[in-house]
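**Student:** Per my numbering, the very first residue in the sequence shown carries number 345; after that it's consecutive.
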Amino acid sequence: MSVAALCPSCAAPVSASAISCAFCDVEIRALPGAVAALAATTTRRPSAETPVAGAVRRLAMRGLTRLLKVALVLVALAGAALVGFVMLLTKDLRRISEDVVRRTEAQLAARRAEAAWPAVEALMVRSARFPGSAPVAAAPDTGAARLLATASVSLNRLHTAPWAIDTAVLARLGANQPTSRGNAPRMAIKLLPGTLPDSVRVALARDTLSPWLATWRRAARSAPFAPLWMYEPGLPGVTDPYSLTLPSFAAIKGLSWRNASSGVLALAKGDTATAVRRLRENIAVGLQLAREPMTMHHMIGRAIVRDGAFMLAEVGRVAGDSALVREGTRLDTTARYDMVPAQQSPLGWGAMAADPASPAALRFLHDGALAPAQRAAVAQGIVLGGCQRTREVLFGFDARRADATEREVARLGADAAGVARMSELWLRGARAWTSDVAAATANLRDRDRARPPLLRALERAGLDGVAARLTICGHLVRALR
345 MSVAALCPSC
355 AAPVSASAIS
365 CAFCDVEIRA
375 LPGAVAALAA
385 TTTRRPSAET
395 PVAGAVRRLA
405 MRGLTRLLKV
415 ALVLVALAGA
425 ALVGFVMLLT
435 KDLRRISEDV
445 VRRTEAQLAA
455 RRAEAAWPAV
465 EALMVRSARF
475 PGSAPVAAAP
485 DTGAARLLAT
495 ASVSLNRLHT
505 APWAIDTAVL
515 ARLGANQPTS
525 RGNAPRMAIK
535 LLPGTLPDSV
545 RVALARDTLS
555 PWLATWRRAA
565 RSAPFAPLWM
575 YEPGLPGVTD
585 PYSLTLPSFA
595 AIKGLSWRNA
605 SSGVLALAKG
615 DTATAVRRLR
625 ENIAVGLQLA
635 REPMTMHHMI
645 GRAIVRDGAF
655 MLAEVGRVAG
665 DSALVREGTR
675 LDTTARYDMV
685 PAQQSPLGWG
695 AMAADPASPA
705 ALRFLHDGAL
715 APAQRAAVAQ
725 GIVLGGCQRT
735 REVLFGFDAR
745 RADATEREVA
755 RLGADAAGVA
765 RMSELWLRGA
775 RAWTSDVAAA
785 TANLRDRDRA
795 RPPLLRALER
805 AGLDGVAARL
815 TICGHLVRAL
825 R
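1) So, do the region 703-723 and the region 750-765 have three or more beta carbon pairs nearer to each other than 8 Å?
2) Can you name the residues that DSSP bridges to Ala-507?
3) Tell me which same chain residues have a C-beta within less than 7 Å of the C-beta of Arg-793, skipping the five on either side of it?
4) Using the Cβ count rule (16 or more neighbours within 10 Å means buried), how would you classify Ala-380?
5) With three or more beta-carbon pairs closer than 8 Å as the criterion, would you say the region 525-542 touches the region 576-595?
6) Please classify Lys-597 as buried or exposed, where buried requires at least 16 other C-beta atoms within 10 Å of its C-beta.
7) Please state whether the Cβ-Cβ distance between Pro-637 and Pro-571 is less than 8 Å.
8) Roughly how many angstroms lie between the CA atoms of Arg-438 and Leu-426, to the nearest whole one?
9) Under three-state DSSP, which class holds Glu-768?
10) So for Pro-357, helix, strand or coil by DSSP?
11) Counting only the same chain and skipping the five closest in sequence on each side, list residues whose C-beta sits under 7 Å from that of Gln-451.
12) Could you compute how far the alpha carbon of Asp-665 sits from the alpha carbon of Asp-682?
13) May I have a chain-ordered list of the beta strand (DSSP E) segments no shorter than 3 residues that lie completely inside the region 621-670?
14) Should His-641 be labelled buried (16 or more other beta-carbon atoms within 10 Å of its own) or exposed?
15) Helix, strand or coil for Gln-336? Go by DSSP, reduced to three states.
16) On the CB-based measure, 16 or more other CB atoms within 10 Å of its CB, does Pro-580 come out buried or exposed?
17) So, helix, strand or coil for Ala-811, using DSSP?
18) Going by C-alpha distance, which of Ala-667, Ala-617, Leu-499 and Asp-485 is nearest Pro-591?
19) Taking just the CA atoms, how far does Ala-758 sit from Arg-612?
20) Sorted by chain position, which residues of the same chain lie with C-beta nearer than 7 Å to Asp-790's C-beta, five sequence neighbours on each side aside?
21) Considering only C-alpha positions, which residue in the set Glu-465, Leu-416 and Leu-548 is nearest to Ser-606?
22) Could you name the residues of the same chain whose beta carbon sits closer than 7 Å to that of Leu-802, not counting the 5 residues immediately before and after it, in chain order?
23) Assess contact between the region 693-710 and the region 661-681, defined as three or more Cβ pairs (one per stretch) separated by less than 8 Å. Is contact present?
24) Report the rounded CA-to-CA distance for Trp-507 versus Asn-520, giving the unit in angstroms.
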């Protein structure tokens, strides 16, 4: 033992590491080295981590840190790619819009008074008059409207919209089936004033056996129906116009051809009056559709009117009635649907609505020279105008679009009730698209069977709103190609 000090009590030699004197057992407190050694001995704990485990832990932490950095870089790159893609998409739409706006302004500035909707409607009204038809100002036959709506619905669409139909009549008569022979009466009338072949006459007669023809003729006698007469008031369950199912236009046009077949058979027997009446009935029902604030209804209505006008001129030719020929020819020419360039583009009036604070297209809501369907489409375009702005595609359509449209719709008069109702439906969609775009456009995405990987990735990442707006705006771009 190396002596480092003496015991303070008995002066015996003690070691530097001694805690107490071996001779007198006195505690040696004055030696800091011994106290420090004791403290180190009493506080030291055995390590639970082996050197290998520590190395593994350090490697894992370094790996996780690197993965996090890589993930952040990838997210930044994906975000930049998304923004770049949207910028290209909106730039493309803006470029197309510039041309659409220029041509629309030029066409509207050059339009003639006789091509304006009031003049076209007045011409249709004159050709739709026949003995027993109600005056325009009379109350509409709501029962006839419900029956015609029932005849316009195919069974596979029966539960897809709030149809205003008579289910009891539908069960009794069965669905109105489209004719499989197309516009047979138009071809048959060209054979007159000669004799119709037996095969043609028998086929036309078979077409006239439909029990729904009585409904068609009753609707033709009615005063103008209320706007959106095919659907229940208030459109329950309809979130936006994209989810408003269209009727079976094949069934509607089929009834017009069946009624025209009856007229051709009458003309073949020399009964010009009945032939003229049947074609005026077709024009009257076509006018009921042409007054609708929905573009497809309006276009189908015009097509039925034009077909009736052509047939009316043919009756005049066969009967030697030049006045009837002139009437039919004029109506056929005037009723042709000339869409303004803004409506020829899927972007619609949105081409003139890039500015959410003051959409230029809003003034056309009040343009009485346009048909109700054209004016109602203005509200649709203002909402879709957001597709031209990168910020709105990424973060949601600007609420000012709907606010500005709502103010203008409130100013519409009673003569524009259909425009107001359809515009309000677009506003309903606009509000939904601002808060829940994905839900509002689910049916549009369903039609797009081949979902692009980008949209699927955005939805999985929780960016449903961006995915839905890209669906809408991308759908427009594809349609423009």
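Virtual Cβ for every residue (Gly too), placed ideally from N, Cα, C.
Bear in mind that the values here come from a model prediction, so they are computed numbers and not experimental data.
**Tutor:** Taking the coordinates as given:
1) yes
2) Looking at the sequence shown, residue 507 is not Ala but Trp. BP columns for Trp-507 point to Tyr-575.
3) Confidence at Arg-793 is low in this model, with a pLDDT of 49, below 50, so the placement of that residue is unreliable and no value is reported for it.
4) Per-residue confidence for Ala-380 stands at a pLDDT of 47, beneath the threshold of 50, marking its modelled position as unreliable; the derived number appears in the next sentence. Exposed, by the Cβ-count rule.
5) no
6) buried
7) yes
8) 18 Å
9) helix
10) strand
11) Val-684 and Pro-685
12) 29 Å
13) none
14) buried
15) Past the edges of the chain, shown from 345 to 825, lies residue 336, and the structure says nothing about it.
16) exposed
17) helix
18) Leu-499
19) The displayed chain sequence assigns Ala, not Arg, to residue 612. Going by the C-alpha atoms only, they are around 45 Å apart.
20) The pLDDT assigned to Asp-790 is 45, lower than 50, so where the model puts this residue is not dependable; a value taken from the coordinates is nonetheless given after this. Excluding positions up to five away in sequence, the list is empty.
21) Leu-548
22) Val-810 and Ala-811
23) no
24) 15 Å
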